[in-house]
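> Count the sequence shown with my numbering and you get residues 11 to 367, in order.
Heads up, the beta-carbon is just placed ideally off N, CA and C, and yes, glycines get one too.
Computed from a predicted model, the values in this text were never measured in an experiment.
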Amino acid sequence: MKIVPYLFLALFGLVVGWELVNASFWLFNQPSTLANIAGHFALLATGVGGFLGGRWVWKRAKGTSTDGASSLIVLVVAGAASTQLAGCTTIEPGHVGVVINMNGDSRGVEDIPVTTGRVWYNPVTENVYMYPTFVQTAVWTKDLGEGHPSNEEFSFASKEGLIINADVSISYQIDAAKIPAFYVKFRNDDIEAFTHGFLHNSARDALNETASEYGVEDIYGPGKEAFLAKVRERLAAQVADIGVSIQQLGFTGALRVPDTVTEAINAKITATQTAIQRENELRKTEAEAAMAVAKAEGDAKAKIAEARGIAESNDLITKSLSHELILYQAVQKWDGKRPTVEGAGSGLIISLPPDTK
């Protein structure tokens, strides 16, 4: 049949066109304007070449056999072209995509993730997986109405072997540059499955390992923040290789421990607070006593200083007195009248005549 060579020629052209279209799509997906332009030219050249080649084969094949064989060639070429053109998707803002090659020597995930925008791919031999790069938040709790529709609370043992139950919240983010490594490990883009599966189990392991180093009073009391910081550090180390960074991890609500442990911890807290209160009262009493002593000492010193001043003043006055000064002061104060009462030896300074009035 003369149609056979033309059929093989059409298939050969189809394979070449297929690869050229794949190359064009690869150029479209590169983070380079120059590569995008080259992809458009390559796709345009492929389209023009395919049209001209197909037209030539169509004319030659049409004159060699039935119209059915020629139509078969047209259907094969048109079907392949429509399949190629259907391979386009859009990566939403806050996401990145990875193109997975499923056939040939290059099968596997491409090393460079695709950022926001339109992505071209071959839907027959390739898949595109999309991953969020914004912060993901989850709550692992026993409350079925708050978190996952299953009990995801954590149970871990303290250094003493006491069982503690807790609800945990977590926030994490996936590094866009490490999305290919993330896909290689999990083989899907189901973030919910990762969060409530692998990440939940990793957090449980980190809690159990860390809790074995802490007493229940440290976990339940003032050492809680240090405990959680150590858990975050352990968990971050476990998931760093797949590009996951832990932004936050903490308890939601109160820890659930046996009632006897709660009572013992509360009693110890009460005793500690009472001791602190009494110590403060003692310090207050000592401070007030010290203030009273200081005041008394100050008053005594003030009186001594006052007495010393009076004594020194009197001493100065005594030393400054003389007979002439005393006589002068007496004359200055006398009103010129004879004293109405005089005793024997009154010692008048001036002799006065008897008062005849």
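1) Terminal residues of the continuous beta strand (DSSP E) containing residue 192?
2) Under the DSSP definition of a beta bridge, which residues are partnered with residue 142?
3) Around the Cβ of residue 144, are there at least 16 other Cβ atoms within 10 angstroms (buried) or fewer (exposed)?
4) Based on the DSSP output, what are the partners of residue 304 in its beta bridges?
5) Among all the DSSP beta bridges, which residues are the ones paired with residue 136?
6) Would you mind giving the Cβ-Cβ distance between residue 184 and residue 254, rounded to the nearest angstrom? I have them listed as a contact below 8 Å.
7) With a threshold of 6 Å on Cβ separation, who are the neighbours of residue 11 within its own chain once the five nearest residues in sequence on each side are excluded?
8) According to DSSP, is residue 151 part of a helix, a strand, or is it coil?
9) Quick test of the definition: if touching needs 3 or more C-beta pairs under 8 Å, does the segment 153–166 touch the segment 230–244?
10) For the pair the segment 194–203 and the segment 254–269, tell me if three or more CB-CB distances fall below 8 Å.
11) Is the beta carbon of residue 206 sitting closer than 8 Å to the one on residue 170?
12) What three-state label does DSSP hand residue 182 in the structure shown?
13) Using the C-alpha atoms, what's the distance from residue 174 back to residue 168?
14) Taking the straight line between their C-alpha atoms, what separation do you get for residue 136 and residue 101?
15) Does the beta-carbon of residue 325 have 16 or more other beta-carbons within 10 angstroms, so that it is buried, or is it exposed?
16) Starting from residue 175, follow its DSSP beta bridges and name the residues at the other end.
17) Confirm, please, whether the CB-CB distance from residue 208 to residue 141 is below 8 Å.
18) DSSP three-state label for residue 100, please.
19) Please check the pair residue 150 and residue 164, which I expect to be a contact at CB under 8 Å, by giving their CB distance rounded to whole angstroms.
20) Looking only at DSSP bridge pairs, what is residue 320 linked to?
21) Could you name the residues that DSSP lists as bridge partners for residue 9?
22) Going by the beta-carbon positions, is the gap between residue 189 and residue 108 smaller than 8 Å?
23) In the structure shown, what three-state DSSP assignment does residue 225 receive?
24) Have a look at residue 287 and residue 293 and give me their C-alpha separation to the nearest angstrom.
25) Going by C-alpha to C-alpha distance, which of 330, 300, 227 sits closest to residue 266?
26) Quick one: what's got a C-beta closer than 7 Å to residue 219's C-beta in the same chain, skipping five residues either side?
Per the coordinate set shown:
1) Careful: residue 192 lies outside any beta strand (DSSP E), inside the alpha helix (DSSP H) at 189–196.
2) 105
3) With a threshold of 16 other beta carbon atoms within 10 Å, residue 144 falls short and is exposed.
4) Answer by DSSP bridge pairing: none, since residue 304 is not bridged.
5) 111
6) 6 Å
7) Bear in mind that the predicted position of residue 11 carries a pLDDT of just 46, short of 50, making it unreliable; the figure below should be weighed with that in mind. Only residues of its own chain outside the window of five on either side were considered, and among them none has a CB closer than 6 Å to the CB of residue 11.
8) coil
9) no
10) no
11) Judged by their CB atoms, residue 206 and residue 170 are not nearer to each other than the 8 Å cut-off.
12) strand
13) 7 Å
14) 16 Å
15) exposed
16) 165, 266
17) No, the pair does not count as a contact, with Cβ atoms beyond the cut-off.
18) strand
19) 7 Å
20) In the DSSP output, where bridge partners are listed per residue, residue 320 has none listed.
21) Past the edges of the chain, shown from 11 to 367, lies residue 9, and the structure says nothing about it.
22) Yes, the Cβ-Cβ distance between residue 189 and residue 108 is below 8 Å.
23) DSSP places residue 225 outside both helix and strand once states are collapsed to three, so it counts as coil.
24) 10 Å
25) With distances taken between Cα atoms, residue 266 lies closest to 227.
26) Within the same chain, and ignoring the five residues on either side of residue 219 in sequence, the residues whose Cβ sits closer than 7 Å to its Cβ are 244.
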